[in-house]
Amino acid sequence: MTEGTGRRPEVDLASGVEDVTLSILEWLGEQGVRAMIRVDAERMRDGQPAWTFAASGGPLDGGMRADGASVAECMGRALLRMREAGLAVPF
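Last residue of the sequence shown? That's 695 in this note's numbering, and every number before it is there in order.
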């Protein structure tokens with residue numbers, strides 16, 4: 605959460621994160637983090653956030669998951685969660 609506001613920071617959908625997602629996954633693997641991104645066609649048909657990022661291990665204390673309606677939203681949320689957990693992903 606953002607200090608003092610009580611709200612979650614906004615995800616920057618125009619950041620270009622979807623263009624570097626594979627590089628982020630590779631970097632995470634080099635840090636000992638098991639990570640994946642997937643799309644669920646059933647959730648997409650139902651109008652729900654179809655993209656899921658999941659990671660665990662390495663410097664992450666526990667597992668984490670982020671969902672989004674697009675790759676950009678999903679990875680933007682994942683980057684925010686990883687930074688909140690103390691893992692500074694270089695993007």
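Beta carbons: idealized from backbone N, C-alpha and C, even for Gly. Fair warning: this is a prediction, and the values are worked out from it, not measured in the lab.
When the beta-carbon positions are compared, residue 658 and residue 643 stay at least 8 angstroms from each other.
It is roughly 8 angstroms from the alpha-carbon of residue 632 to the alpha-carbon of residue 693. Distance between residue 682 and residue 656, taken at the CA atoms: about 9 angstroms. Rounded to whole angstroms, the Cβ separation of residue 628 and residue 678 is 12 angstroms, and the two are not in contact under 8 angstroms. Between residue 689 and the set 675, 673, 661, 676, the nearest pair of CA atoms involves 661.
Rounded to the nearest whole angstrom, the C-alpha separation of residue 649 and residue 667 is 27 angstroms. Residue pairing by DSSP places residue 695 opposite no residue, since no beta bridge is assigned to it.
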